[in-house]
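Q:
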Amino acid sequence: MNRVVELFGHSAESRGEDWPRIVREQQCPFLSKTCYKVRKSDPTTSIGSCTVLYGRQQEPVVICPARLLERRQIFTDCFHLLTTHEPGNELHIIQEVSIPGGSVDYFLVSARKGKVRDFVGIELQTLDTTGTVWPERQRLLEKLGVPRVDNEEASTKSYGMNWKMTAKTVLVQMHHKIQTFEHVNKKLVLVLQDKLFVYMKKEFTFEHLKDPAVLGDAMHIHVYRLEKQPDQSYKLGLQSRVSTDADGIAACLGLQAEARVELAQIVAALEAKLSPNTLFRPV
């Protein structure tokens, strides 16, 4: 059964929500700004669908990377990978830094007096959908008694989960980037949901990954699950951590890896973005 279970960060099953206000304001509570996923036909309307059920899936599947930013827990769970961080250093969260091999979603940076002392790269991956979630979103609004500007709830169109392409794409991206991090003796963390991780273990060669994770490895995978709370909301919780190195990611795909970059290039890119706005502030 397909349906939307979280809209604009709020569980559809939670009681006492002011849904007309939530839909009107279109705010993403994880980014503290308007939801960036908008309709192509109407860029002023945010879709807001964070999490869905699909087919026989009885547990929610996260389809928006921003959903993984709840309480900024994923950053806290990476503190131990800042192996040269020292008391007195500031912690910064920096978005979208380009390195050879592609752009990295976030960097957790330890800095002192504007100089980078250590960093960890963090990539977020959620499942991509095929088709459209919009009719299911509108059916949810109808159920919640929220006025709608169309009658798409009557549409027979639906969505699917792009398991294979999502899994293959993220492994290829990690393969491109992990050589860079390993070469400069830093860590790269892939953050994903347990549903996607289970699929990847089934479809690719994961037997060589170390469980639990080993601090010395360059590539870490942090697996989270959505845990249902007494008030029917969902809370993100760390389920497991595994690790490997560049050769291990190549082995997952049956490839040989090959990228190199100097540490100075990454440090320069990070220091250029350090500011009071990037300081880590726990919610």
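According to UniProt numbering, numbering within the sequence shown proceeds without interruption in unit steps and concludes at 283.
By construction, the Cβ of each residue, glycine as well, lies at the ideal position given by its N, Cα and C atoms.
(1) Would DSSP call E136 helix, strand or coil?
(2) Mapping DSSP to helix, strand and coil, what is T126?
(3) Short check: CB of Q125 to CB of P60, under 9 Å?
(4) Just mark D115 as buried or exposed, buried being the case when its beta carbon has 16 or more other beta carbons within 10 Å.
(5) According to DSSP, is L192 part of a helix, a strand, or is it coil?
(6) Helix, strand or coil, according to DSSP, for P276 in the structure here?
(7) Let's test the definition: count the other Cβ atoms within 10 Å of the Cβ of Q179 and tell me whether it reaches 16, buried, or not, exposed.
(8) Assign F8 to one of two classes, buried (16 or more other C-beta atoms within 10 Å of its C-beta) or exposed (fewer than that).
(9) By Cβ distance, which residues of its chain are closer than 6 Å to A259, with the 5 residues on each side in sequence left out?
(10) Please list the terminal residues of the continuous alpha helix (DSSP H) segment that includes D247.
(11) Which ranges does the beta strand (DSSP E) cover as unbroken runs of at least 3 residues, wholly within the segment 161 to 232, from first to last along the chain?
(12) Pick helix, strand or coil for K157, following the three-state DSSP scheme.
(13) Assuming contact is defined by CB atoms lying nearer than 9 Å, are R241 and P212 in contact in what I supplied?
(14) Rounding to the nearest angstrom, what Cα-Cα distance links S103 and E152 in this structure?
(15) Under 9 Å between the Cβ atoms of R107 and I93?
(16) Within 10 Å of its beta-carbon, does K202 have 16 or more other beta-carbons around it, so buried, or fewer, so exposed?
A: Reading off the structure:
(1) The answer is helix: DSSP assigns E136 an H, G or I state.
(2) In this structure, T126 counts as coil in the three-state DSSP scheme.
(3) In this structure, P60 does not lie closer than 9 Å to Q125 by Cβ.
(4) For clarity, residue 115 is Lys in the given sequence; the question names Asp instead. Burial call: exposed.
(5) Note: L192 maps to strand in three-state DSSP.
(6) Assignment of P276 by DSSP, reduced to helix, strand and coil, places it in the helix class.
(7) By the neighbour-count criterion, in which a residue is buried when 16 or more other Cβ atoms sit within 10 angstroms of its Cβ, Q179 is buried.
(8) So F8 ends up on the buried side.
(9) Because A259 sits at a pLDDT of 43, beneath the cut-off of 50, its placement in the model cannot be relied upon, and the point is left open.
(10) Under the DSSP assignment, D247 falls in the alpha helix (DSSP H) whose first and last residues are 246 to 253.
(11) Secondary structure in the segment 161 to 232: the beta strand (DSSP E) runs of 3 residues or longer, each lying completely within the stretch, are 187 to 193, 219 to 228 in chain order.
(12) DSSP places K157 outside both helix and strand once states are collapsed to three, so it counts as coil.
(13) Against a cut-off of 9 Å, the Cβ pair of P212 and R241 comes out as a contact.
(14) Distance between the alpha carbons of S103 and E152: 36 Å.
(15) The residue you asked about is not Arg; residue 107 is Phe in the sequence shown. Against a cut-off of 9 Å, the Cβ pair of I93 and F107 comes out as a contact.
(16) Exposed is the call here.
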